[in-house]
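Chains as they are written, first to last, in my numbering: chain A, 1 to 235; chain B, 1 to 404.
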């Protein structure tokens with residue numbers, strides 16, 4: 001009975017590790033039917049001057065829970081101070097309820113945009129985003145802009161609720177030699193305390209710890225058996 | 001031995017586990033892949049709404065009449081400045097090619113967007129634009145092809161409007177860009193008395209519960225109206241000082257309370273068999289008559305013209321001068337009580353504030369905007385409109401707001 005328990009522990013370690021292996025891709029790249037919260041958005045290139053153009057990339061096949069054509073989902077961009085809860089954003093009048101967003105070099109806010117038909121994939125991300133319009137058009141001052149913000153894309157359903165979100169961090173710094181007075185750098189993905197990263201890190205390590213426990217128990221059991229065998233022979 | 005095998009087995013399971021965990025950790029570094037396809041978003045602004053304005057907006061989009069048409073002519077598309085990435089417009093007619101506003105069908109305006117009722121008039125265009133802003137859904141009140149509200153957020157950017165704000169509020173901004181003249185088209189079976197009327201006669205006709213009056217030559221003149229809610233109908237009723245409810249009684253008496261706007265052929269088809277001595281009129285925009293007769297717009301009036309019908313003179317002023325294909329507006333008429341401004345209607349938050357769309361502003365806001373340029377105003381004139389002058393207002397101003 002006791003031997004069965006030791007085996008079960010060892011097997012559980014393996015199963016835990018395999019679950020961890022399976023679990024990470026599910027978290028990292030959500031299928032069209034599953035919501036993505038604080039997924040990784042990547043600003044590319046990762047730094048530049050105010051008038052440097054950039055794009056935002058998402059994980060392969062990033063998609064909303066439903067498409068625009070049939071289910072009325074739309075893609076919007078946002079730019080909010082770090083720490084803002086993205087899921088609380090709404091988009092009345094086709095613009096974010098708070099903060100700003102991504103603008104093309106021509107000064108056009110990105111959103112609302114249609115998804116791909118059926119798959120809900122996000123397919124129309126411009127390659128000419130620019131941060132300068134935040135100051136030249138949207139009315140922010142450089143001092144207001146300076147600091148760390150979160151930016152990215154969200155999917156919004158017909159009720160106006162955010163269903164999926166992808167986030168990157170961007171830090172703006174005043175720079176007197178820049179035409180608009182600032183430069184920026186970006187880090188892909190959400191802050192480290194967000195659930196997606198922590199789960200993705202914790203899950204495999206949890207598997208390793210379970211395995212370690214199994215190894216310790218198995219070796220302890222083997223050591224006891226060897227001791228018992230020696231004792232038995234002496235007896 | 002067995003113990004050794006068991007240890008090896010356990011190690012194997014744990015090795016798999018370690019590999020799995022390692023792979024899982026490695027997968028954390030997977031980022032997004034770049035999208036190779038060009039972005040569609042940079043496209044153009046979608047315009048819907050009034051049928052009287054559809055031809056000139058087709059020209060602004062690059063081609064009028066809209067295809068398929070053997071007589072299509074091509075124009076330099078209206079576009080925003082190079083600094084705002086030269087964005088253009090895509091204008092959807094109030095009715096499908098060969099079709100009618102009474103059966104406008106559905107349209108899909110942007111890649112990946114839903115199919116929704118084609119807005120078939122200025123007021124429908126404004127309603128649909130409001131639905132896009134609010135997310136409340138849009139469905140035509142008559143002849144819907146969806147029979148359900150459809151979310152049109154992101155699918156409509158601009159409405160063509162020939163009547164200006166109808167209600168107070170700030171949701172929409174009505175930007176004037178041209179001047180039109182409202183009048184009437186006639187089908188006269190007798191001596192031609194219906195070709196020239198006075199405002200007093202028109203007021204009496206549309207105030208009549210029978211929808212008819214007797215003209216000087218003894219002919220009976222019948223009153224008809226364009227589609228309820230259309231800018232054409234409202235502008236005409238305002239000009240002759242008759243409320244819509246009263247005019248509705250007159251037109252209903254003649255079975256013609258809801259004729260397609262600016263469609264002389266349908267009008268003629270319904271009344272061509274009337275007996276001699278019976279004449280009929282229906283409101284008509286002078287600009288549309290000019291564009292159709294000059295063959296630069298979709299011609300829905302050829303049969304009426306061929307049968308001797310025409311556009312009437314009111315109080316001694318003709319809405320137009322010249323001969324086909326060189327008809328031009330009569331400025332004196334357009335500056336009379338029968339003149340009316342035409343508007344581009346946009347969400348107010350797209351032309352002011354932090355989310356103002358610079359390309360949209362470049363196209364329509366201010367006297368230096370694209371639509372107010374000399375080239376665009378030349379096109380406007382070609383299609384039967386006058387440029388705004390004096391007290392009529394100024395092209396590109398954003399001072400008129402409303403919720404509908």
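By construction, the Cβ of each residue, glycine as well, lies at the ideal position given by its N, Cα and C atoms.
Note that the structure is a prediction, hence the values are computed from the model and not measured.
When you compare the CB positions of residue i and residue j, do they come within less than 8 Å of one another, or not?
i, j, result
"residue 220(B)", "residue 278(B)", "yes"
"residue 63(A)", "residue 99(A)", "no"
"residue 78(A)", "residue 65(A)", "no"
"residue 126(A)", "residue 153(B)", "no"
"residue 84(B)", "residue 346(B)", "no"
"residue 262(B)", "residue 284(B)", "yes"
"residue 226(B)", "residue 282(B)", "yes"
"residue 334(B)", "residue 161(B)", "no"
"residue 150(B)", "residue 116(B)", "yes"
"residue 58(B)", "residue 91(B)", "yes"
"residue 309(B)", "residue 184(B)", "no"
"residue 296(B)", "residue 355(B)", "no"
"residue 59(A)", "residue 83(A)", "no"
"residue 402(B)", "residue 52(B)", "no"
"residue 50(B)", "residue 231(B)", "yes"
"residue 147(B)", "residue 404(B)", "no"
Could you check how far apart the C-beta atoms of residue i and residue j are, in whole angstroms? I think they sit under 8 Å.
i, j, result
"residue 170(A)", "residue 162(A)", "Rounded, the Cβ-Cβ distance is 19 Å, inconsistent with contact."
"residue 41(A)", "residue 55(A)", "Actually they are not in contact, since the Cβ atoms of residue 41(A) and residue 55(A) sit about 10 Å apart, beyond 8 Å."
"residue 396(B)", "residue 351(B)", "About 10 Å; that fails the 8 Å criterion."
"residue 260(B)", "residue 101(B)", "5 Å"
"residue 266(B)", "residue 257(B)", "That belief does not hold up - the Cβ atoms of residue 266(B) and residue 257(B) are roughly 14 Å apart, past 8 Å."
"residue 65(B)", "residue 398(B)", "Going by Cβ atoms, the distance from residue 65(B) to residue 398(B) rounds to 31 Å, so no, they are not a contact pair."
"residue 81(B)", "residue 362(B)", "5 Å"
"residue 105(B)", "residue 114(B)", "Actually they do not touch by this definition, with Cβ atoms about 14 Å apart."
"residue 67(A)", "residue 116(A)", "7 Å"
"residue 183(A)", "residue 49(A)", "5 Å"
Would you tell me roughly how many angstroms separate the C-alpha atoms of residue i and residue j, rounded to the nearest one?
i, j, result
"residue 275(B)", "residue 189(B)", "7 Å"
"residue 120(B)", "residue 340(B)", "20 Å"
"residue 173(A)", "residue 132(A)", "13 Å"
"residue 328(B)", "residue 133(B)", "37 Å"
"residue 320(B)", "residue 337(B)", "15 Å"
"residue 71(B)", "residue 214(B)", "41 Å"
"residue 166(A)", "residue 74(B)", "44 Å"
"residue 175(A)", "residue 47(A)", "13 Å"
"residue 125(B)", "residue 210(B)", "32 Å"
"residue 216(B)", "residue 196(B)", "11 Å"
"residue 35(A)", "residue 102(A)", "22 Å"
"residue 357(B)", "residue 348(B)", "10 Å"
"residue 181(A)", "residue 111(B)", "37 Å"
"residue 55(B)", "residue 291(B)", "8 Å"
"residue 194(B)", "residue 331(B)", "22 Å"
"residue 99(B)", "residue 300(B)", "10 Å"
"residue 392(B)", "residue 155(B)", "32 Å"
"residue 175(B)", "residue 48(B)", "15 Å"
"residue 107(A)", "residue 359(B)", "7 Å"
"residue 76(A)", "residue 201(B)", "56 Å"
"residue 367(B)", "residue 137(A)", "19 Å"
Give the DSSP-derived three-state secondary structure of residue i in the structure shown.
i, result
"residue 372(B)", "helix"
"residue 87(B)", "coil"
"residue 74(A)", "strand"
"residue 355(B)", "coil"
"residue 288(B)", "helix"
"residue 30(A)", "Its pLDDT being 36, under 50, residue 30(A) is placed unreliably in this model, and the value from its coordinates should be taken loosely. Residue 30(A) falls in the coil class under three-state DSSP."
"residue 401(B)", "strand"
"residue 191(B)", "coil"
"residue 268(B)", "helix"
"residue 46(A)", "coil"
"residue 203(B)", "helix"
"residue 56(B)", "helix"
"residue 296(B)", "coil"
"residue 69(A)", "helix"
"residue 365(B)", "coil"
"residue 327(B)", "coil"
"residue 51(A)", "coil"
"residue 30(B)", "Note on residue 30(B): pLDDT 32, under 50, position unreliable in the model; no value is reported."
"residue 104(A)", "strand"
"residue 63(A)", "strand"
### Message
What ranges does the beta strand (DSSP E) occupy inside the region 112 to 194 of chain B, keeping only unbroken runs of at least 3 residues that lie completely in it?
### Response
With a minimum length of 3 residues, the continuous beta strand (DSSP E) runs that stay inside the region 112 to 194 of chain B are 158 to 161, 172 to 187.
### Task
Taking only runs that begin and end inside the region 120 to 204 of chain A, name each unbroken beta strand (DSSP E) of 3 or more residues, in chain order.
Counting only runs of 3 or more residues that sit fully inside the region 120 to 204 of chain A, the beta strand (DSSP E) segments are 147 to 156, 162 to 174, 182 to 188, in chain order.
### Task
Go through the region 207 to 282 of chain B residue by residue and report every complete run of the alpha helix (DSSP H) that reaches 4 residues or more, in order.
Taking only runs of at least 4 residues, the alpha helix (DSSP H) segments lying wholly in the region 207 to 282 of chain B are 231 to 240, 244 to 253, 264 to 271.
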